[in-house]
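Chain order of the listed sequences is A and B. Here the first sequence is numbered in the working numbering, starting from 1 and rising by one per residue. Here the second sequence is numbered in the working numbering, starting from 115 and rising by one per residue.
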Amino acid sequence: NAGVTQTPKFQVLKTGQSMTLQCAQDMNHNSMYWYRQDPGMGLRLIYYSASEGTTDKGEVPNGYNVSRLNKREFSLRLESAAPSQTSVYFCASSEAGYSNQPQHFGDGTRLSIL
Amino acid sequence: GESVGLHLPTLSVQEGDNSIINCAYSNSASDYFIWYKQESGKGPQFIIDIRSNMDKRQGQRVTVLLNKTVKHLSLQIAATQPGDSAVYFCAEKSGGSYIPTFGRGTSLIVHP
């Protein structure tokens with residue numbers, strides 16, 4: 001039981017390049033989330049998917065797109081990377097986001113944009 | 115590892131001491147609260163949660179206290195060990211919302 005798996009773990013991009021961060025969970029959770037974490041700023045929500053087939057913007061969605069591929073997988077895409085998107089990205093899932101259940105996190109993707 | 119703890123409040127304790135980490139929350143409508151532990155280079159890990167109809171909940175070596183009157187949450191760690199060194203942060207959520215609000219965290223340093 002792996003929980004939430006994120007790939008890749010590390011990535012370096014040049015400004016303007018695109019890439020997709022992958023996330024998969026094996027807990028049969030309905031809701032999935034993408035966060036970014038910057039030093040001293042805590043977790044900021046980029047996008048979330050309340051259930052398969054739905055996605056919604058979070059606090060900082062600009063420059064990102066998401067796809068809920070199926071119940072297990074939720075990907076985050078940077079179409080044209082900018083240095084301001086250098087961050088650690090975390091994917092999380094929860095049984096049903098509106099219910100009182102905790103989120104479970106992956107170990108993150110460390111992304112540097114030069 | 116990355117500097118997740120940069121500029122965060124820090125609590126330094128000796129191994130074997132009890133630790134208390136505090137969190138003030140903002141939304142009086144919040145009815146669910148969670149504590150997470152984040153070790154360097156890893157994702158946040160769920161520790162313990164509490165619902166607003168309770169004021170205390172105990173786990174293994176951890177206790178969460180909730181004071182709704184002053185909107186305050188605390189995490190007590192008994193007999194703190196070096197492996198407890200990490201950033202701890204709380205999260206709050208109101209019923210029906212999909213989005214928890216996370217605090218910035220406290221860095222716990224345990225000296226052997």
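Backbone N, C-alpha and C define an ideal beta-carbon position, used for all residues, glycine too. Please read these numbers as outputs of a predicted model, since none were measured by experiment.
When the distance is taken between beta carbons, is residue j closer than 8 Å to residue i?
i	j	result
Arg-72 of chain A	Gln-25 of chain A	yes
Ile-161 of chain B	Trp-149 of chain B	yes
Lys-151 of chain B	Tyr-202 of chain B	yes
Asn-100 of chain A	Arg-165 of chain B	yes
Ser-112 of chain A	His-29 of chain A	no
Thr-194 of chain B	Asn-141 of chain B	no
Tyr-98 of chain A	Gly-210 of chain B	yes
Ala-81 of chain A	Thr-15 of chain A	yes
Pro-226 of chain B	Glu-129 of chain B	yes
Arg-218 of chain B	Gly-42 of chain A	yes
Phe-90 of chain A	Gly-155 of chain B	no
Leu-58 of chain A	Tyr-47 of chain A	Sequence inspection shows Gly at residue 58 of chain A; the Leu mentioned does not correspond to that position. Going by C-beta atoms, Gly-58 of chain A is nearer than 8 Å to Tyr-47 of chain A.
Ala-92 of chain A	His-104 of chain A	yes
Ala-275 of chain B	Pro-214 of chain B	Outside the displayed span of chain B (115 to 226) sits residue 275 of chain B, for which this structure offers no information.
Looking at the structure shown, is residue i part of a helix, part of a strand, or coil, going by DSSP?
i	result
Gln-195 of chain B	coil
Gly-115 of chain B	Reliability of the predicted coordinates at Gly-115 of chain B is poor, the pLDDT of 37 falling under 50, and the value obtained from them is presented with this limitation in mind. In this structure, Gly-115 of chain B counts as coil in the three-state DSSP scheme.
Lys-128 of chain B	Just to set this straight, residue 128 of chain B is Gln in the shown sequence, not Lys. Looking at Gln-128 of chain B - three-state DSSP - the assignment turns out to be strand.
Ser-211 of chain B	coil
Ser-112 of chain A	strand
Ser-49 of chain A	strand
Gln-85 of chain A	helix
Ser-133 of chain B	strand
Gly-42 of chain A	strand
Ala-154 of chain A	Only positions 1 to 114 of chain A appear in this structure, which leaves residue 154 of chain A out of reach.
Tyr-64 of chain A	strand
Gln-152 of chain B	strand
Glu-73 of chain A	strand
Leu-122 of chain B	coil
Asp-169 of chain B	coil
Glu-59 of chain A	coil
Arg-175 of chain B	coil
What does residue i pair with, by DSSP beta-bridge criteria?
i	result
His-186 of chain B	B:Ala-138, B:Asn-181
Ala-92 of chain A	A:Tyr-33, A:Phe-105
Glu-79 of chain A	According to DSSP, which records beta bridges pairwise, Glu-79 of chain A is partnered with nothing at all.
Gln-22 of chain A	A:Thr-7
Thr-220 of chain B	B:Tyr-202
Tyr-146 of chain B	B:Arg-165, B:Lys-207
Gln-159 of chain B	B:Lys-151
Using a Cβ cut-off of 8 Å (strictly closer), state whether residue i contacts chain E.
i	result
His-104 of chain A	Of the protein chains in the structure, A and B, none is chain E.
Assuming residue i and residue j form a contact by the criterion Cβ under 8 Å, report the distance between their Cβ atoms to the nearest whole angstrom.
i	j	result
Glu-52 of chain A	Asn-70 of chain A	7 Å
Leu-122 of chain B	Gly-3 of chain A	Contact doesn't hold; Cβ gap of about 25 Å is too wide.
Leu-55 of chain B	Asp-163 of chain B	Nothing about residue 55 of chain B can be reported from this structure: the residues present for chain B run from 115 to 226 only.
Ile-223 of chain B	Ser-126 of chain B	5 Å
Arg-110 of chain A	Lys-9 of chain A	7 Å
Leu-189 of chain B	Phe-147 of chain B	Going by Cβ atoms, the distance from Leu-189 of chain B to Phe-147 of chain B rounds to 10 Å, so no, they are not a contact pair.
Thr-20 of chain A	Ser-87 of chain A	Rounded, the Cβ-Cβ distance is 16 Å, inconsistent with contact.
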